[in-house]
Every structure is written in structure tokens, then in C-alpha cells.
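Notes follow once the structure below has been shown.
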Amino acid sequence: VSPGNCWSFPGHQGQVVIRLPARVHLTAITVQHISKEVSPSGTITSAPRDVAVFVSLCKRWLSLCFAPQGVDPDGAEETLLVTFMYDMAKEAIQTFPLKNAPHPRAFSYIKLVVKSNWGRPKYTCIYRVQVHGKMA
């Protein structure tokens, strides 16, 4: 991981939908940012702070639906899997386990929502997101 080689988005809030290579019973989410030691400015205020991870059978944000036949796609709601705070005072790689893991249902997509960063108003950077679980 090199400084600046990240997924950067404007402002302190953003979201991304990640397609997994297979359906997965999720157990944890890992987020990585660079450390202060390798940051050219000596700070990492562009690191995400408050994060939420959602799943849904119907991905309206992708115009895709994986609901069983007979289920109204518009009636399906997103399910919050986990919220966490990425702590810039800790290690650069941080893993956040899900409660009651593995999740009983397998998913092909997750939505990562960054609600705030550590004070950089112009942009937020995420260097790596890993999704842990058992393949369905």
C-alpha cells in the first residue's frame, strides 16, 4: 500500500457497492488506510472514521434484485450488518467482526457507507476493504 494509491471520494461521506466473487456467509469486514509513519504529511485525517455495512437481496442502487420469486423487490429493505469506527490511533489494518457470525444468509454484494472521516473536508481515502466469510 502506497500513499495516494487509494479509492478517494470527495468530501467526508461516501458509499460503494462491492461485488463479491461468490455468495458469502459474512463473518467480518477489514478496512485499511496508511499509517501516519508513511504519510507524506504525517497525518491521516483522510481516513474513514464512522462506517456502516449493509446488505440487501434487492440492490436498487444497482438495479438488480436477488429476491425469491413472489417477493416484492420494492418491499425488501437493506439490512445493517455492522457499524464501526476505524481508529486512526490503532493499526492501519483493522478487522471488525459481525455479531452472530457467520451471517445465516449468503450475499454477493455489500454496501460500505462512510459516514465521516477524521477531519479532511475535501476528500476521504480507503486503501483496502476485505470481506471475510464462508462461501455458500
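Residues in the sequence shown are numbered consecutively from 356, following my numbering. C-beta atoms are modelled at their ideal positions from N, C-alpha and C, and glycine is treated no differently.
- For the 9 angstroms CB-CB criterion, Val469 and Gln368 form a contact.
- With a threshold of 16 other beta carbon atoms within 10 Å, Trp473 meets it and is buried.
- Comparing C-alpha distances from Lys489 to each of Trp362, Lys391, Arg378, Ser471 shows the shortest one belongs to Arg378.
- Per DSSP, Met440 is one residue of the beta strand (DSSP E) stretching across 434 to 440.
- Distance from the Cα of Leu435 is smallest, within the candidate group Met443, Lys454, Val393, for Lys454.
- Annotated as distal: Ile481 and Leu381, with beta-carbon spacing of 9 angstroms or more.
- In this structure, the alpha-carbon of Glu446 lies about 26 angstroms from that of His458.
- Put simply, of Ile399, Val410, Thr450 the residue whose alpha carbon is nearest the alpha carbon of Ala461 is Val410.
- Val356 sits in coil when the DSSP states are folded into three classes, being neither helix nor strand.
- Under the three-state reduction of DSSP output, Lys470 falls in the coil class, being neither helix nor strand.
- Following the DSSP letters along the chain, one finds Cys480 inside the beta strand (DSSP E) bounded by residues 478 to 481.
- In the structure shown, Lys391 adopts helical secondary structure according to DSSP, grouped into three states.
- Remark: C-beta atoms of Val393 and Leu467 do not approach each other more closely than 9 angstroms.
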